[in-house]
Amino acid sequence: MKTETLPVGTPSSLAIPQSLGGGVLVLTVRAFSDTFGTTSAPVSSQTNVALGDFIATWNGTISGKLAVGQKLTVAAPALTPTGTVAYQWYRGTSKISGATAPSYTLTPSDAAQTISAKATVTGIGMKALTLTSKSVTVAKGTFTAAPAPAIAGTAKVGSKLTANPGNWSPAGATLAYQWYRGTTAISGATARTYTPTAADNGKYLKVRVRASRPGYTTLDRWSVSRKVAAGTIVATKWPTISGTARYGQTLKVSQGWTAGSKISYQWYSSGKAIKGATKSSLYLSSGYVGKKITVRVTVSKAGYTTRKATSSAVTVAKAYMTNKTLPTISGTKKAGSTLTAGYGTYSTKPSSYTYQWYRNGVAIKGATHRTYKLTTADNGKKITVRVTARKTGYHNRAATSAAVEIPVPPRTVISRDGTYRVGTELKPGLYKATGTGDFCYWETLSGFSGSLYDINNNYFGPARTYVQITSSDRGFYTSDCGKWTTVSKTGANASKITVDGTYRIGVDIKPGLYRASGTGNSCYWETLSGFTGEFDELIDNYFGSARTYIEIPSWAKGVHVSDCGTLTRVS
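Numbering of the sequence shown is given in the working numbering, commencing with residue 140 and proceeding in unit increments.
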């Protein structure tokens with residue numbers, strides 16, 4: 140507010156301040172009379188104050204390099220009066236979000252675009268003033284650091300190479316790779332790494348790195364060329380011979396090489412190449428026994444240096460011959476007779492045999508033929524034969540037969556009828572009568588008084604019989620029984636009885652069921668647990684029709700038959 144007193148007729152002026160722009164100005168006037176000392180009523184009038192106009196001096200020039208990544212700047216306008224300046228950058232006719240400073244750094248979106256800036260001036264009481272800069276066109280950016288790539292790794296077939304692109308600036312570039320063989324791009328070789336193939340052997344390789352970034356000019360850089368050498372075939376497993384190094388077996392090669400390799404073979408016997416042995420396996424014939432076998436492999440692959448390797452040697456051993464059935468002994472088992480050795484059977488057919496005969500496990504001197512003639516020294520002994528089978532390329536295979544026992548031949552102890560003292564003239568034991576009549580009579584005695592009480596046991600019947608004389612017997616009487624002999628442990632073990640008499644079960648005849656084929660009604664048989672003549676030794680007996688069956692048990696000692704005809708074992 141401004142107040143002043145002026146004489147009537149004197150004009151009053153007011154400088155309107157900037158702050159009143161856009162406001163309302165009110166003028167109030169009062170008249171004073173000094174003479175009369177009176178004051179008139181106030182008279183007021185008002186008027187609107189218009190906004191002021193800025194006076195601006197500005198050339199609208201944008202400074203800076205017109206390329207992506209560079210900073211542009213627009214100068215502030217010279218203003219009267221002073222005001223506040225706000226900026227907005229434009230891409231074409233569109234505002235650039237956030238670009239409200241005097242400076243602006245160009246982005247990839249600005250490439251090839253028209254860039255301008257507007258400066259809006261404001262102030263109190265002043266009309267807003269918008270100034271537009273000159274437009275500029277932005278070029279693509281260029282990389283400030285673009286190193287040539289380097290190839291790392293050994294330049295040979297099969298060995299991976301890696302392109303090292305270096306550090307490009309500004310960061311964020313996308314790098315693409317292309318490998319070249321000479322000046323020709325290799326199809327599909329667009330990765331950072333590349334493994335040379337056979338086609339590259341002896342050729343020069345290089346790599347191109349292409350850098351691209353939005354708003355930037357794409358740029359290619361090339362590596363120095365490198366010559367590719369032949370690859371090296373790698374043994375992942377050194378060749379070794381697998382299988383059993385033995386005649387009749389097959390050897391194979393166990394090995395490992397660079398994938399795709401071609402392998403050829405040559406087998407050697409004690410250092411000499413085996414004709415025709417050029418496969419991955421070798422059958423060992425008898426000619427290789429004792430020889431040292433090796434195999435040399437030649438490994439090749441396109442683009443690679445051919446490689447040769449020789450395995451360690453294995454020595455070929457003889458094969459083993461397996462005995463399948465033991466040798467046998469055939470022939471009559473008594474002194475003076477000849478025994479013959481059966482070979483037995485083997486896993487392969489032997490070419491020859493050797494023999495050694497044994498008596499109770501002790502080698503018989505000079506008994507080294509297939510046949511052996513028994514002597515009296517063999518009586519009561521067990522005879523075996525060891526057969527050694529031989530064949531070229533095989534270990535000898537010895538096998539021993541089951542033993543055969545040579546019985547002691549019966550020896551005559553009583554040659555005529557009469558009475559004999561036990562212990563001096565006749566030892567206790569089992570004896571066999573050799574007569575042929577049906578009226579054999581014998582008795583064992585407890586004394587020699589002639590009394591019936593001196594008779595321990597007695598027998599009357601067919602002369603084919605046995606007697607068991609015990610140590611408690613004092614004497615033995617025999618009549619019409621023929622000679623008495625000792626007995627053998629073995630006998631005919633027959634399945635048929637054709638002569639009446641007494642038989643040992645398991646020695647003279649086999650146990651089992653027998654059918655009698657006689658015709659009379661006086662058939663008599665009995666099974667016995669011994670041969671002393673004791674009544675208690677009688678197990679079972681029968682008397683009746685000669686058409687009958689006899690069950691002879693294996694646990695019984697003997698059987699006596701009379702007038703039953705021929706007995707035949709049926710089961």
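The C-beta atom is built at its ideal place from N, Cα and C for all residues, glycine as well. Everything numeric in this text was worked out from a predicted model, so none of it was measured.
Item to check | Straight-line Cα distance separating V709 from T658 | outcome: By 1-based counting over the sequence shown, the position of residue 658 is 519. By 1-based counting over the sequence shown, the position of residue 709 is 570. If I take the Cα positions, the gap works out to 19 Å.
Checklist entry - Does the region 395 to 406 come close enough to the region 537 to 556 that 3 or more CB-CB pairs lie under 8 Å? => result No, the region 537 to 556 is not in contact with the region 395 to 406.
Item to check | Contacting residues, own chain, Cβ-Cβ under 6 Å from T356 (five flanking each side not counted) | outcome: Position 217 of the sequence shown, counted from the start, is the residue given in the question as residue 356. Excluding the 5 residues flanking it on each side, T356 has same chain C-beta neighbours closer than 6 Å at K279, T281, in chain order.
Checklist entry - Just the Cα atoms here: how many angstroms apart are Y592 and R613? => result Taking the first residue of the sequence shown as 1, we reach residue 592 at position 453. Taking the first residue of the sequence shown as 1, we reach residue 613 at position 474. If I take the Cα positions, the gap works out to 13 Å.
Checklist entry - Using the rule of at least 16 other Cβ atoms within 10 Å of the residue's Cβ for burial, across every protein chain shown, is D192 buried or exposed? => result Reading the sequence shown from its first residue, position 53 is the one you call residue 192. Per the 10 Å Cβ criterion, exposed.
Checklist entry - Since K518 and P548 are thought to touch, with beta carbons under 8 Å apart, how far apart are those beta carbons, to the nearest angstrom? => result Locating residue 518 in the sequence shown gives position 379, counting from the first residue. Locating residue 548 in the sequence shown gives position 409, counting from the first residue. Residue identity check: residue 518 is Asn in the sequence provided, not Lys. N518 to P548, Cβ: 6 Å. Contact.
Item to check | Reduced DSSP category for D517 - H, G, I as helix; E, B as strand; rest coil | outcome: Along the sequence shown, read from residue 1 onward, the residue named residue 517 stands at position 378. D517 falls in the helix class under three-state DSSP.
Checklist entry - Around the Cβ of A217, are there at least 16 other Cβ atoms within 10 angstroms (buried) or fewer (exposed)? => result In the sequence shown, the residue the question calls residue 217 occupies position 78. Exposed, by the Cβ-count rule.
Checklist entry - In three-state terms, what does DSSP make of L591? => result As a working mapping, residue 591 is identified with position 452 in the sequence shown. Three-state result, L591: helix.
Item to check | Per-residue burial, D359 [other beta carbons within 10 Å of its own, 16 or more giving buried] | outcome: Translated into positions along the sequence shown, residue 359 becomes position 220. It is exposed - the Cβ of D359 has fewer than 16 other Cβ atoms within 10 Å.
Checklist entry - Taking C-beta to C-beta, are S419 and K391 nearer than 8 Å? => result Along the sequence shown, one-based indexing puts residue 419 at 280. Along the sequence shown, one-based indexing puts residue 391 at 252. Their beta carbons are under 8 Å apart, which means S419 touches K391 by this criterion.
Next on the checklist: Within 10 Å of its beta-carbon, does A250 have 16 or more other beta-carbons around it, so buried, or fewer, so exposed?
Outcome noted: The sequence position of residue 250 within the sequence shown is 111, counting from 1. Buried, because 16 or more other Cβ atoms sit within 10 Å of the Cβ of A250.
Checklist entry - Looking at C-alpha atoms only, which residue of G208, I413, S701 is the closest neighbour of R352? => result Counted from its first residue, the sequence shown places residue 352 at position 213. Looking at the Cα atoms, G208 is the closest of the given residues.
Checklist entry - Exposed or buried, which one is R230 when buried takes at least 16 other CB atoms within 10 Å? => result The sequence position of residue 230 within the sequence shown is 91, counting from 1. The residue is buried, with at least 16 neighbouring Cβ atoms inside 10 Å.
Checklist entry - Three-state secondary structure (DSSP) at S425? => result As a position in the sequence shown, residue 425 is number 286, starting the count at 1. Helix.
Next on the checklist: For K512, list the residues DSSP reports as bridge partners.
Outcome noted: The residue labelled residue 512 in the question sits at position 373 within the sequence shown. Partner(s): T477.
Checklist entry - Under the three-state reduction of DSSP, which class applies to D249: helix, strand or coil? => result Reading the sequence shown from its first residue, position 110 is the one you call residue 249. The three-state secondary structure of D249, taken from DSSP, is helix.
Next on the checklist: Quick check: P692 and D639, are their CB atoms within less than 8 Å of each other?
Outcome noted: Locating residue 692 in the sequence shown gives position 553, counting from the first residue. Locating residue 639 in the sequence shown gives position 500, counting from the first residue. It is not a contact, given that the beta carbons lie outside the stated cut-off.
Item to check | Helix, strand or coil at D556 according to DSSP, with G and I counted as helix | outcome: Residue mapping note: residue 556 aligns to position 417 of the sequence shown, counting from 1. DSSP places D556 in the coil class of the three-state scheme, outside both helix and strand.
Item to check | E690 versus V501: straight-line alpha-carbon distance, rounded | outcome: Counting from one through the sequence shown, the residue named residue 690 turns up at place 551. Counting from one through the sequence shown, the residue named residue 501 turns up at place 362. It is roughly 42 Å from the alpha-carbon of E690 to the alpha-carbon of V501.
Checklist entry - Is it a yes or a no for the region 367 to 383 touching the region 260 to 274, going by three-plus beta-carbon pairs under 8 Å? => result Put simply, the region 367 to 383 does not touch the region 260 to 274. Fewer than three CB pairs are less than 8 Å apart.
Checklist entry - Taking just the CA atoms, how far does A528 sit from S604? => result For the purposes of this step, residue 604 is identified with residue 465 of the sequence shown, where counting begins at 1. For the purposes of this step, residue 528 is identified with residue 389 of the sequence shown, where counting begins at 1. Reading off the sequence, residue 604 comes out as Thr, not Ser. Looking at the two C-alpha atoms, the distance is approximately 47 Å.
Checklist entry - Going along the chain, which residues of its own chain have a beta-carbon closer than 8 Å to the beta-carbon of N596, five neighbours each way excluded? => result By 1-based counting over the sequence shown, the position of residue 596 is 457. Cβ within range, chain order: E582, T583, T671, G672, E673.
Next on the checklist: Once the 5 residues before and after W307 are set aside, which same chain residues still bring their CB inside 8 Å of it?
Outcome noted: Sequence index remark: in the sequence shown, residue 307 carries index 168 (1-based). Excluding positions up to five away in sequence, the list reads F282, A284, A285, P286, L314, A350.
Next on the checklist: Measuring alpha carbon to alpha carbon, tell me which residue in A310, L667, A480, N198 is nearest V524.
Outcome noted: On the sequence shown, residue 524 is found 385 positions in, with the first residue counted as 1. Of the candidates A310, L667, A480, N198, A480 places its Cα closest to the Cα of V524.
Checklist entry - Do you know whose CA, among P146, P181, G264, I254, lies nearest S202's CA? => result On the sequence shown, residue 202 is found 63 positions in, with the first residue counted as 1. If we check each option's Cα against that of S202, I254 comes out closest.
Checklist entry - Who does W361 pair with in a DSSP beta bridge? => result On the sequence shown, residue 361 is found 222 positions in, with the first residue counted as 1. For W361, the beta-bridge partners assigned by DSSP are R347.
Next on the checklist: Let me check one thing: in DSSP terms, what residues is A542 bridge-paired to?
Outcome noted: Locating residue 542 in the sequence shown gives position 403, where the first residue counts as 1. Answer is none; A542 lacks a bridge partner.
Item to check | Burial state of D675 (16 or more Cβ within 10 Å) | outcome: As a first step, residue 675 is located in the sequence shown; it is residue number 536 there, counting from the start. The residue in question, D675, is exposed, as its Cβ has fewer than 16 Cβ neighbours within 10 Å.
Item to check | Classification of I194 by the beta-carbon crowding that lies within 10 angstroms, buried from 16 upward | outcome: The residue you call residue 194 lines up with position 55 of the sequence shown. So I194 ends up on the exposed side.
Next on the checklist: Going by beta-carbon coordinates alone, are A368 and K295 separated by less than 8 Å?
Outcome noted: One-based indexing of the sequence shown puts residue 368 at position 229. One-based indexing of the sequence shown puts residue 295 at position 156. Their beta carbons are under 8 Å apart, which means A368 touches K295 by this criterion.
Checklist entry - Between the region 558 to 577 and the region 610 to 628, do at least 3 Cβ pairs fall closer than 8 Å? => result Yes, they touch.
Item to check | R189 (DSSP reduced to helix, strand or coil) | outcome: Within the sequence shown, the letter at position 50 stands for residue 189. Going by the sequence as given, residue 189 is Ala instead of Arg. Coil at A189, not helix or strand.
Item to check | 8 Å Cβ shell around T515 - same chain, five flanking residues per side excluded | outcome: Within the sequence shown, numbered from 1, the residue matching residue 515 stands at position 376. Taking C-beta separations shorter than 8 Å and ignoring five residues to either side along the sequence, the partners of T515 in its chain run A474, following chain order.
Item to check | Neighbour-count burial assignment, Q185, 16 or more Cβ in a 10 Å radius | outcome: Position 46 of the sequence shown holds residue 185. Using a 10 angstroms sphere on the CB of Q185, the tally of other CB atoms stays under 16, which defines it as exposed.
Checklist entry - What residues match up with V501 in a beta bridge as DSSP calls it? => result Residue numbering aside, residue 501 sits at position 362 when the sequence shown is read from its first letter. Bridge partners of V501: R498.
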